[in-house]
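All remarks here apply to the structure that follows.
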Amino acid sequence: MSTAPTPREVYERAAEEGDRRLNQSLLELVATAFIAGFTITFGMAALGIVEANLKAEFGSLAHLGGALALGTGVVFLVIGRAELFSENFLDPAVRAVEASGSYMVGALFRLWSVTFVFNLVGGGLMVAILTVEGALPPGTEHVFRTTSSEIVSRGRWAEFADAISGGVLVTMLSFSLSAVEESVSRILLSYVVGVLLALGPFSHVVVTVLHVLFGVRSGAPIGVAAIVETTVVVTAGNLVGGLGIGTFTHVVQARGSEEAE
1 MSTAPTPREV YERAAEEGDR RLNQSLLELV ATAFIAGFTI TFGMAALGIV
51 EANLKAEFGS LAHLGGALAL GTGVVFLVIG RAELFSENFL DPAVRAVEAS
101 GSYMVGALFR LWSVTFVFNL VGGGLMVAIL TVEGALPPGT EHVFRTTSSE
151 IVSRGRWAEF ADAISGGVLV TMLSFSLSAV EESVSRILLS YVVGVLLALG
201 PFSHVVVTVL HVLFGVRSGA PIGVAAIVET TVVVTAGNLV GGLGIGTFTH
251 VVQARGSEEA E
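Per the UniProt record's numbering, the sequence shown starts with residue 1, numbered consecutively.
Next comes the structure, spelled out in structure tokens:
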């Protein structure tokens with residue numbers, strides 16, 4: 001019977017994964033980020049379809065059904081080893097902290113900026129395809145319009161708080177994935193986190209922006225300024241939660257265990 005890895009061992013595995021991510025060629029990084037963008041939209045489309053079908057009979061419980069559907073998109077991301085913004089905060093940051101003489105700022109900026117842009121490019125393309133008239137079941141457009149309008153009308157401090165929570169949650173997923181090796185465990189972890197992201201809602205900037213784009217394509221009256229403001233607020237919250245809280249505390253934990261030894 002295998003024993004669970006110590007926090008330090010998980011930390012070291014995260015650093016190894018961070019090294020792999022930071023050393024991708026530009027072409028590989030662009031491709032994996034693009035793949036992540038269009039992959040997550042299938043979970044979002046599933047959320048809209050399920051919620052639309054359950055709404056009339058189950059009312060507010062339809063949102064729970066939609067969240068259960070969204071979790072599948074995160075499973076596809078994790079199992080396919082795609083590169084999703086904020087999900088790739090912990091591992092590369094840990095690798096940078098462990099690097100001697102440099103925090104690898106240039107490499108981190110390259111990874112995160114390219115990932116962010118091509119997540120939205122890949123996701124935006126799939127949103128455009130999925131929202132062609134008649135492509136999705138009736139009622140799905142109404143769910144997208146409602147969800148996107150709720151996102152952009154939410155108070156900015158509330159959105160910021162949700163984004164901090166989302167950043168912490170995704171960092172928890174990254175650390176937990178380094179603690180397990182079996183595919184079943186990775187699937188369960190990613191699915192649970194995907195469901196929680198939708199239930200909160202604990203905002204993740206790529207998912208949030210693509211949700212808004214789904215709404216715009218479905219007829220929601222949302223302007224460019226609202227999209228930009230939402231993107232900035234959620235990105236800032238994800239950075240605070242993912243790096244400032246989630247990653248920092250795991251680094252402190254690992255350093256503390258090292259000193260105890």
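Quick reminder that beta carbons are idealized off the backbone N, C-alpha and C, glycines included.
- Taking C-beta atoms as the reference points, Gly43 and Gly71 count as a pair closer than 8 Å.
- Here Ser190 is near Leu173, since their CB atoms are less than 8 Å apart.
- Counting other Cβ atoms within 10 Å of its Cβ, Glu28 stays below 16 and is therefore classed as exposed.
- Nearest Cα to Asn238 within the set Trp112, Val75, Phe34: Trp112.
- Using a Cβ distance threshold of 8 Å, Ile40 and Leu210 count as a contacting pair.
- With contacts defined as CB atoms closer than 8 Å, Thr131 and Phe214 qualify as a contacting pair.
- In this chain, the alpha helix (DSSP H) harbouring Phe175 covers 156 to 177.
- The alpha carbon of Thr235 has as its nearest neighbour, out of Phe202, Val251, Thr249, the alpha carbon of Phe202.
- Assigned with DSSP and collapsed to three states, Asn119 falls in helix.
- Straight across, the Cα-Cα distance linking Ala69 with Phe38 is about 16 Å.
- Residue environment analysis places Glu150 among the exposed positions, since fewer than 16 neighbouring C-beta atoms fall within 10 angstroms of its C-beta.
- Our two residues, Gly66 and Glu51, have alpha carbons roughly 5 Å apart in a direct line.
- With respect to the 8 Å criterion, Phe85 and Val30 are not classified as neighbours on the basis of their beta carbons.
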